[in-house]
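Taking our numbering, the leading residue of the sequence shown gets 82, the next gets one more, and so forth.
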Amino acid sequence: MPETIALTRLAFIASRKQLIGMAVWLLFSTLVAMVVGGVFGARHATGTLCLLAFPVFAFSLGVFDFSQTEDLMAGKSGYSHWILRMPIASWKLALVPLTLRFVWNGLLYLLAVLFFGIGVGIWLPISTGLLCLAAGGAWVSVVIWRPFEGPWRRVTLAVVAFVGWYLLMMLVMSAHFDKSTDIPWLKEYPFAFKTGTFALALFLLVWGVWLAFQSVVLSRTNTDGIIPEKKGSRLLAWRDWGGGRSLLAGKRGSDDGPLRWLVRHDLLRGMAGDGNWALTGVLVAIFVLIALMPLHVGAALFLIFLVTQIPTMTSSAMLEPTKVSGSSLPSYLAASPMTCAEIGFARGIASVAGAVLATALVSLAFLLAFAWPANQVILRSWMDGLNSGVGNEFAAYRWGAVGFIACVVLVVSRSLACTWPTATGRSRLALVFFVLPVFILLAAAAVVAGWFVRQADWETATASFEYWATWVPALILLVVVCKGVFATIAAILVVRERLLRVRTVLAFLSVWSMGTVALAAVLFMLVPDQRILLGSVLLVTLCLVPLGRILMLPYAVFLNRYR
Numbered sequence: 082m083p084e085t086i087a088l089t090r091l092a093f094i095a096s097r098k099q100l101i102g103m104a105v106w107l108l109f110s111t112l113v114a115m116v117v118g119g120v121f122g123a124r125h126a127t128g129t130l131c132l133l134a135f136p137v138f139a140f141s142l143g144v145f146d147f148s149q150t151e152d153l154m155a156g157k158s159g160y161s162h163w164i165l166r167m168p169i170a171s172w173k174l175a176l177v178p179l180t181l182r183f184v185w186n187g188l189l190y191l192l193a194v195l196f197f198g199i200g201v202g203i204w205l206p207i208s209t210g211l212l213c214l215a216a217g218g219a220w221v222s223v224v225i226w227r228p229f230e231g232p233w234r235r236v237t238l239a240v241v242a243f244v245g246w247y248l249l250m251m252l253v254m255s256a257h258f259d260k261s262t263d264i265p266w267l268k269e270y271p272f273a274f275k276t277g278t279f280a281l282a283l284f285l286l287v288w289g290v291w292l293a294f295q296s297v298v299l300s301r302t303n304t305d306g307i308i309p310e311k312k313g314s315r316l317l318a319w320r321d322w323g324g325g326r327s328l329l330a331g332k333r334g335s336d337d338g339p340l341r342w343l344v345r346h347d348l349l350r351g352m353a354g355d356g357n358w359a360l361t362g363v364l365v366a367i368f369v370l371i372a373l374m375p376l377h378v379g380a381a382l383f384l385i386f387l388v389t390q391i392p393t394m395t396s397s398a399m400l401e402p403t404k405v406s407g408s409s410l411p412s413y414l415a416a417s418p419m420t421c422a423e424i425g426f427a428r429g430i431a432s433v434a435g436a437v438l439a440t441a442l443v444s445l446a447f448l449l450a451f452a453w454p455a456n457q458v459i460l461r462s463w464m465d466g467l468n469s470g471v472g473n474e475f476a477a478y479r480w481g482a483v484g485f486i487a488c489v490v491l492v493v494s495r496s497l498a499c500t501w502p503t504a505t506g507r508s509r510l511a512l513v514f515f516v517l518p519v520f521i522l523l524a525a526a527a528v529v530a531g532w533f534v535r536q537a538d539w540e541t542a543t544a545s546f547e548y549w550a551t552w553v554p555a556l557i558l559l560v561v562v563c564k565g566v567f568a569t570i571a572a573i574l575v576v577r578e579r580l581l582r583v584r585t586v587l588a589f590l591s592v593w594s595m596g597t598v599a600l601a602a603v604l605f606m607l608v609p610d611q612r613i614l615l616g617s618v619l620l621v622t623l624c625l626v627p628l629g630r631i632l633m634l635p636y637a638v639f640l641n642r643y644r
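Structure, rendered in structure tokens:
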């Protein structure tokens, strides 16, 4: 078999799950945008498709890549070390994944051009847009493949490359769409501006491809990173993880308990993976997208929904990706004297930390977006509407605090919902628990949207909505009962396998009950609407705060450890 065909097949095999997921998500995004366009108009369909399809275009910049997950934060090359040792020409190792990535990104972009052009009447730039996406994919390969003297150099290059690529996209779109610029020479010579952006995109593409090729050549002899001639201060020396060896041995705090040791270990492994680097890039892109875009209710709700799903992608940091059978825990953890409860709770704490950080980043982006003058009018109208609804001048701030607390709890709960299935080491179970809640939520939204479209009389629709709203408390009570049954089953399992003592489970239930009641009381005091009762707030809080998912963590590790 020719080497080029073999590398192409290997690239498709390595990326088949990502390709199928992106294709399904893009098809779903198109269908949702068509439904929104039929109800609210073409302009809303455009915004919906941009928001829904944005993760696909972000992840497509790094698809078809022979990368390894352990090396990106250690100065090492991210290219597969096994492939680098094979007698294959370096130009083939570089051009095969880059060509496949260019073709994939080009097809996605052409689909977007056709959708906007035929469906909305807005034609995007074709040639310069394709060059921009190709240049972005090439520079992603440079960041991943090239070995460095230390991780900070890779981080710096990644930030510079992202900012440069973002500015290039803005220049291309400005040259294509902006007809009201105040710069005289741009008004007089628009063709020169378009030609200049085309030449700049082409130059960055050629430069990126050449650097990617040089990165492969350099990686073949410097796989473990470039050794500096001078010994300098190592800002990330604590990242040199050596399996079961603690770098803090002999220093203050080296006698930390196993739980703190495991949390530190899990955070280090989680931040070292290239999947989490891609996740970080998506979070940064969302940060920029929120901070610079005009706000409306649909965008805010979708971005909150997206943030609730992002932390679930970080839930496999403790697993060993190279294992295809048996326990997926690292061997030094599976054979260690640490208990399953300690390993499971450490994984949960690390997952919650990632969820809180993601929520904090998006919240900061919303605050920056509110500071823009263009969004001040929208923000003021929202605040006036909330204040006038209850007759309180601070109602908007109180509702904002309630929404922020509820969003944090929801993100933490969703993160733990995918953490314990992933900790079992069974990928199909984790996929079910990741996809099923999203499918149920989207199906419910589709049913509500379809019902809303079929309504012809606003008064009749309002009466029907009020009738169905009376069933919401019963539905919430049913969810609480199911949650209690699941928590009971989890408690029985961990006690039966002697993973936790009965006294420990009862103490945890007591702390959870007091914390849930205290959180419900705080939310009730913040809610400005007097019609909302304490019992209703308590029921909603019981639905949001995780219980059984926490108790299942030790049992999930037990299933994985003795698999």
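Cβ atoms here follow ideal geometry from the backbone N, Cα and C, with glycine treated the same way.
All of these numbers come straight from a predicted model, not from anything done at the bench.
Assignment of residue 160 by DSSP, reduced to helix, strand and coil, places it in the strand class. The Cβ atoms of residue 205 and residue 249 lie no closer than 8 Å to each other. Annotation for residue 209: the continuous alpha helix (DSSP H) segment containing it runs 208-226. Apart from sequence neighbours up to five positions away, the residues of its chain that approach residue 194 with a beta-carbon distance below 8 Å are 204, 205, 207, 210, ordered along the chain.
The C-beta distance from residue 164 to residue 147 rounds to 5 Å, short enough to meet the 8 Å contact threshold. For residue 447, the three-state secondary structure derived from DSSP is helix. The Cβ-Cβ distance between residue 605 and residue 618 falls below 8 Å. Relative to residue 225, the option among 255, 179, 212, 160 whose CA is nearest is 160. Here the C-alpha atom of residue 481 lies approximately 11 Å from the C-alpha atom of residue 609. Burial is judged here by how many other beta carbons sit within 10 angstroms of a residue's own beta carbon; residue 563 has fewer than 16 and is exposed. With a threshold of 16 other beta carbon atoms within 10 Å, residue 477 meets it and is buried.
Secondary structure of residue 167 (DSSP, three-state): coil.
Between the alpha carbons of residue 485 and residue 446 lies a gap of roughly 13 Å. According to the DSSP assignment, residue 412 belongs to the alpha helix (DSSP H) that extends over 412-415. Of all C-beta pairs linking the region 510-525 to the region 583-591, fewer than three are shorter than 8 Å, placing the two stretches out of contact.
Per DSSP, residue 605 is one residue of the alpha helix (DSSP H) stretching across 583-607. Straight across, the Cα-Cα distance linking residue 417 with residue 428 is about 16 Å.
In the assembly as shown, residue 465 is an exposed residue. Its beta-carbon has fewer than 16 other beta-carbons within 10 Å.
Per the C-alpha coordinates, the member of 488, 461, 173 positioned closest to residue 475 is 461.
When the five nearest sequence neighbours on each side are left out, the beta carbons in the same chain lying within less than 7 Å of the beta carbon of residue 84 are those of 169, 173, in order along the chain. Note that the C-beta distance between residue 179 and residue 227 is not below 8 Å.
By the CB criterion at 8 Å, residue 607 and residue 558 fall outside the cutoff. Rounded to the nearest angstrom, the Cβ distance from residue 145 to residue 92 is 4 Å, consistent with a contact under 8 Å. Separation of the CB atoms of residue 571 and residue 629 is rounded to 5 Å, and the pair is thereby assigned contact status at 8 Å. Secondary structure at residue 435: helix, using DSSP grouped into helix, strand and coil. Fewer than three Cβ pairs drawn from the region 506-513 and the region 432-451 lie within less than 8 Å of each other, which leaves the two stretches out of contact. The alpha carbon of residue 185 has as its nearest neighbour, out of 142, 222, 157, the alpha carbon of 142. Our two residues, residue 495 and residue 274, have alpha carbons roughly 47 Å apart in a direct line.
Close CB contacts of residue 239 within its chain, under the 6 Å cut and outside five residues either way in sequence, are with 224 (chain order). Apart from the 5 residues on each side of it in sequence, residue 626 sits with its Cβ closer than 8 Å to the Cβ of 490, 494, 593, 596, 597, 600 in its chain, given in chain order. No residue range can be given for residue 612, since it is assigned to no alpha helix (DSSP H) and is classified by DSSP as neither H nor E. For the pair residue 503 and residue 276, the Cα-to-Cα distance works out to about 50 Å. In the three-state DSSP reduction, residue 626 falls in the coil class, being neither helix nor strand. If you draw a straight line from the Cα of residue 89 to the Cα of residue 341, it comes to about 44 Å.
Secondary structure remark: continuous alpha helix (DSSP H) runs of at least 4 residues inside the region 465-537, in chain order: 476-504, 508-535. Per the coordinates, the alpha-carbon of residue 459 lies some 43 Å from the alpha-carbon of residue 345.
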